[in-house]
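Enquirer: Residue numbers (the UniProt record's numbering), protein chains in the order written: chain A, 1 to 513; chain B, 1 to 635.
Heads up, the beta-carbon is just placed ideally off N, CA and C, and yes, glycines get one too.
Sharing a structure, written as structure tokens. Questions coming.
Spelled out as structure tokens, the structure:
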């Protein structure tokens with residue numbers, strides 16, 4: 001009994017979540033498992049994956065008490081660890097022989113885990129609190145399954161739970177980050193650059209919005225297309241909510257057939273292509289443990305194609321059911337990370353403009369009725385402003401290649417929260433060798449970042465075998481990655497190009513001296 | 001009993017090996033017959049067991065009786081007191097803990113300790129650690145070492161600046177330390193870099209720190225991790241946790257593990273494990289696999305008893321010897337004619353049945369090995385890694401190092417033929433210069449002795465040895481010399497006007513404040529000739545003065561090397577890297593690789609120009625800094 005059976009049974013990827021505080025007695029090991037994909041693996045196999053993980057967490061703590069196991073790299077598998085909450089671990093096992101794009105960054109995989117977790121927390125609160133609420137673990141298991149499945153699946157319109165796993169498998173291949181993604185950064189927001197005038201308009205819109213709710217403690221997030229225009233939320237909450245919006249709320253997300261250029265949406269675009277992965281018979285898996293709870297009561301915030309735009313311009317979804325009295329759909333509630341405050345999530349859309357308003361649950365006395373009053377207020381006070389802002393932004397909007405800089409393929413990350421990159425379509429033109437080289441270089445830089453802790457200045461220019469220049473710069477919390485593929489350029493020429501770019505687009509952060 | 005001739009044990013088994021003529025085929029017995037199953041495996045085993053028995057009978061006092069035969073030039077010994085003679089010889093060498101006795105009675109290689117500070121044997125010596133043991137744990141040099149070399153995380157903070165002694169390499173004493181520790185000790189857990197060798201049944205064979213016996217439980221854990229993953233049809237390569245890396249290497253029945261928080265890349269660490277394994281093969285040959293096939297619980301530790309010093313010296317070299325990651329060797333700069341003269345006589349000898357003849361010298365700084373000349377018989381070629389391991393074995397074992405003594409020892413060159421023993425004749429001409437003659441014949445001692453005498457005569461006559469001494473004093477290329485007109489240097493690296501580079505602490509401190517270096521802020525460079533398998537390194541100059549700074553630069557080079565040669569996509573062509581410590585420039589072509597370190601504020605354009613100058617300089621003097629033509633690599 002070992003991983004061998006895992007290899008044959010799985011489709012190249014396993015994902016598990018387990019709680020080290022549970023199942024410590026012999027015979028109760030199964031209790032540790034909160035989530036395991038694929039669920040049809042024999043428990044013994046699941047336990048052996050978790051056993052190895054647990055063993056190495058303990059082992060590595062001997063030497064590194066503060067940072068336990070992060071990755072196990074074996075010849076055929078990578079095991080990526082993420083301690084989502086204290087003692088609750090997420091481990092992803094990727095089969096390198098099956099993933100042809102084996103050279104994916106471990107950090108990118110870990111960011112997937114991080115993203116799943118933060119989205120889960122956004123809608124359900126922390127796993128620990130859910131475990132405390134219902135100690136048998138049934139509640140959290142019944143929530144985790146559909147949630148992660150929905151997250152990883154790329155294609156929509158699968159409302160039959162029996163197709164659960166098929167759904168998952170199709171999405172899987174498309175979702176795992178690979179070296180192709182080395183010019184993008186998961187877990188960051190992408191901002192729209194706005195002119196001064198538009199910025200002032202947006203500002204006043206935000207003010208009006210937040211007054212409409214009648215309380216001072218509500219927050220707003222304004223998006224144009226798949227880009228962030230403004231936020232009044234904390235950085236972490238902004239990232240979670242932005243991620244969710246781009247996945248499910250923005251115009252692109254709503255019309256899931258449309259081609260998208262955001263990395264968060266690429267899977268949707270990709271799912272149009274016939275999936276390579278065969279739908280295995282695991283589609284009919286019904287696992288007692290995970291299905292024990294009534295599935296209907298479990299909300300699936302990431303369920304595909306369940307949001308639509310109502311006549312009033314507000315987005316609605318039946319995910320949270322319908323209000324008995326008014327026949328309107330129930331407004332979802334999200335949790336803020338720092339304050340753990342519960343907020344109603346109201347989303348309004350006008351053309352390319354998406355506005356998310358978070359209203360404290362505590363401030364609305366009579367639920368949906370109270371909320372609809374707030375919505376009315378918003379429409380009355382702000383609809384004109386929203387029209388204007390949309391118009392202004394549309395005028396200034398350069399299209400999906402707006403941030404393309406000709407001759408450059410780049411990624412700019414600010415403080416690990418905000419990023420801007422060459423459009424994916426442009427990145428696709430790069431040679432595989434260049435991308436692999438950059439992917440490798442990013443790993444090196446990540447190591448340096450980890451080592452240096454405080455942001456240090458670093459400049460690396462590599463001329464790869466294919467003649468491309470692969471460049472990384474870090475300075476004052478900003479990172480710049482770049483591929484220049486014009487052959488016969490000298491180091492000085494390459495450095496000069498970076499300098500020019502830095503001066504024009506990064507206000508000289510990466511310039512020397 | 002007759003079988004013993006074939007194995008490592010011939011010297012001690014055979015009452016008088018050097019006098020006994022051996023049939024030609026038996027010279028190759030171990031290599032040839034190992035192919036055919038049990039017979040030889042059994043003999044190997046048997047001879048080992050026999051030896052152990054023999055030693056036990058004799059009493060375990062002479063811990064270092066072994067395959068290494070030390071013959072004093074002036075003393076004749078008859079066969080019966082041969083072993084004792086060796087033993088006593090060793091004892092005289094200051095073999096501190098040899099009396100430890102433990103379970104270890106048979107030693108293949110000498111385990112003498114070279115203690116710069118003469119420390120009495122510590123009673124706590126486990127016997128396991130042989131000569132090295134824990135003796136002198138309290139000596140001053142030890143304490144100094146602890147901060148420099150042993151690298152407890154907290155203490156050995158890399159950016160400690162110019163704390164340590166300016167040239168503490170020289171003060172590094174080989175051998176095992178901290179035997180009192182085990183995996184329960186905090187200090188043990190905080191060591192920056194652990195190395196473990198264990199058997200696939202989880203038996204500890206070697207640990208860099210701590211007592212192997214006490215680490216049995218830990219060793220079993222390592223084995224469990226490896227076999228757990230192996231049972232799943234996979235093979236674990238490494239585990240990362242924070243700044244720590246656990247790197248695994250499986251070599252048949254032997255497992256090697258490195259646990260490090262030195263930030264060295266995985267590729268470097270695994271290469272180091274390969275070398276550690278190679279070192280073990282050099283001592284025992286790969287035929288030890290047979291022992292494990294026969295008995296999975298086979299205990300190897302007696303076979304390696306006393307070789308701690310060899311492993312610890314090798315591991316130590318991983319943090320200063322570029323040969324370990326460049327896979328190339330360095331030559332002592334010499335006038336072309338001098339090297340030619342040395343090569344000619346070595347060639348002469350090689351034609352008379354010597355497989356390899358190497359004339360080497362110990363470099364002034366540390367124990368770095370530099371080649372004066374080397375020659376292989378016919379098409380035999382010597383891998384740089386084998387040279388590194390051989391050099392380490394010889395230089396870390398005190399018994400070889402007696403000037404005017406001769407040693408004759410079975411060794412295996414893992415890259416040349418991991419299955420067979422060769423026999424090495426080693427002789428020191430002076431404290432730094434020594435000759436290694438390798439042969440396949442275990443009875444060639446007298447022949448090799450004659451060869452050595454011939455070589456010595458020629459070397460003396462043609463002043464090679466004095467040139468060598470002069471060169472060791474003068475040192476190699478200095479970045480400062482690049483600043484002046486290049487023409488001046490063509491054809492001459494040995495600069496008479498230069499006073500010996502004696503590093504008085506005053507001078508170092510002075511210059512480290514000034515921070516001179518070469519033109520355009522050039523601090524140091526490494527140049528590796530791809531075809532020659534050789535490299536040249538500039539002398540360390542200010543501000544890279546302290547051992548700590550040198551080690552940091554070494555690590556930076558090592559990282560750069562891995563980055564340039566990254567698997568699957570490498571090698572890259574050029575790399576420019578600027579961080580808070582250096583500007584590093586690397587240039588890889590089919591002919592050479594250049595690694596150069598500059599002041600972190602160096603100007604890019606000037607740095608590139610300077611690198612071109614360095615390459616030109618190296619080309620101009622390649623006759624003197626490299627071994628050309630005569631080498632076995634030239635075809």
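#1: Identify each residue in the stretch 55-66 of chain A for which the Cβ-Cβ distance to at least one residue of chain B is less than 9 angstroms, and report them in chain order.
#2: If you reduce the DSSP assignment to three classes, tell me which class residue 477 of chain B lands in.
#3: Please give the ranges of any beta strand (DSSP E) in the stretch 182-244 of chain A, keeping only runs that are unbroken, at least 3 residues long and fully inside the region.
#4: Do we get a CB-CB distance below 8 angstroms when we pair residue 456 of chain A with the residues of chain B?
#5: Return helix, strand or coil for residue 291 of chain B, following the three-state DSSP convention.
#6: Taking C-alpha atoms, which residue in B:409, B:522, B:354, B:264 lies nearest to residue 595 of chain B?
#7: Quick one: measure Cβ to Cβ for residue 13 of chain A and residue 95 of chain A, integer angstroms, because I've assumed they're closer than 8 angstroms.
#8: Residue 460 of chain A CB to nearest chain B CB: under 8 angstroms?
#9: Which whole-angstrom value is the C-beta distance of residue 412 of chain B and residue 285 of chain B, which I expect to be below 8 angstroms?
#10: Counting along the chain, where does the alpha helix (DSSP H) carrying residue 217 of chain B start and finish?
#11: Report the three-state DSSP secondary structure of residue 255 of chain B (helix, strand or coil).
#12: Any idea what DSSP makes of residue 60 of chain A, helix, strand or coil?
#13: Let me check understanding here. Comparing Cα to Cα, which of B:582, B:253, B:238, B:478 lies closest to residue 198 of chain B?
#14: Go through its chain and collect everything with a Cβ distance to residue 300 of chain B's Cβ below 6 angstroms, but skip five positions before and after it.
#15: Listing by chain order, which chain B residues have their CB less than 9 angstroms from the CB of residue 451 of chain A?
#16: Given a cut-off of 8 angstroms on the beta-carbon distance, is the pair residue 244 of chain B and residue 209 of chain B in contact?
#17: Between residue 155 of chain B and chain A, is there a C-beta pair that is closer than 8 angstroms?
#18: For residue 434 of chain B versus residue 360 of chain B, is the C-beta distance shorter than 8 angstroms?
#19: What are the start and end residues of the alpha helix (DSSP H) that includes residue 519 of chain A?
#20: Would you kindly report the start and end of the unbroken beta strand (DSSP E) that includes residue 333 of chain B?
#21: Hey, does residue 2 of chain A have any beta-carbon neighbour from chain B nearer than 8 angstroms?
#22: Compute the Euclidean distance between the alpha carbons of residue 587 of chain B and residue 559 of chain B, then round it to the nearest angstrom.
#23: With respect to the beta strand (DSSP E) encompassing residue 199 of chain B, which residues constitute its N-terminal and C-terminal limits?
#24: Report yes if the CB atom of residue 369 of chain B is closer than 8 angstroms to the CB atom of residue 357 of chain B, and no otherwise.
#25: Excluding the five sequence neighbours on either side, which residues of its own chain have a C-beta within less than 6 angstroms of the C-beta of residue 460 of chain A, listed in chain order?
#26: 8 angstroms is my cut-off, CB to CB: does residue 575 of chain B come that close to chain A?
#27: For residue 121 of chain A, name the three-state secondary structure that DSSP assigns.
#28: Leaving out five residues on either side along the sequence, give the residues of the same chain with a beta carbon under 6 angstroms from the beta carbon of residue 235 of chain A.
#29: Can at least three beta-carbon pairs, one atom from the stretch 601-613 of chain B and one from the stretch 462-474 of chain B, be found at a separation below 8 angstroms?
#30: List the residues that DSSP assigns as beta-bridge partners of residue 145 of chain A.
#31: Report yes if the CB atom of residue 187 of chain A is closer than 8 angstroms to the CB atom of residue 85 of chain A, and no otherwise.
#32: How would you call residue 557 of chain B, buried or exposed, if buried means at least 16 neighbouring beta carbons within 10 angstroms?
#33: Starting from residue 19 of chain A, trace the beta strand (DSSP E) both ways and give me its first and last residue.
#34: Determine contact between the stretch 406-413 of chain A and the stretch 138-149 of chain A, defined as no fewer than three beta-carbon pairs at a distance below 8 angstroms.
#35: State whether the stretch 271-284 of chain B contacts the stretch 403-417 of chain B, with contact taken as three or more CB pairs (one from each stretch) at a distance under 8 angstroms.
#36: Do you know offhand how far residue 626 of chain B's Cα is from residue 482 of chain B's?
Expert: This is what the structure gives:
#1: 55, 56, 57, 59, 60, 61, 62, 63, 64, 65, 66
#2: coil
#3: 219-224, 227-231
#4: yes
#5: helix
#6: B:522
#7: 7 angstroms
#8: yes
#9: 4 angstroms
#10: 216-231
#11: strand
#12: helix
#13: B:253
#14: 205
#15: 243, 263
#16: no
#17: For residue 155 of chain B, the predicted structure reports a pLDDT of 37, less than 50, and the residue's modelled location is therefore unreliable. A value from the coordinates is still provided. Taking Cβ atoms only, chain A never reaches closer than 8 angstroms to residue 155 of chain B, which makes this a no.
#18: yes
#19: Since the first residue shown for chain A is 1 and the last is 513, residue 519 of chain A is missing from the structure and cannot be characterised.
#20: Element bounds for residue 333 of chain B: n/a, residue is neither H nor E.
#21: Because residue 2 of chain A carries a pLDDT of 37, less than 50, the predicted location of this residue cannot be relied on, and the following value inherits that uncertainty. Cβ-Cβ to chain B under 8 angstroms: yes for residue 2 of chain A.
#22: 14 angstroms
#23: 193-199
#24: no
#25: 472
#26: yes
#27: helix
#28: 417
#29: no
#30: None, per the DSSP bridge assignment.
#31: no
#32: buried
#33: 13-19
#34: no
#35: yes
#36: 19 angstroms
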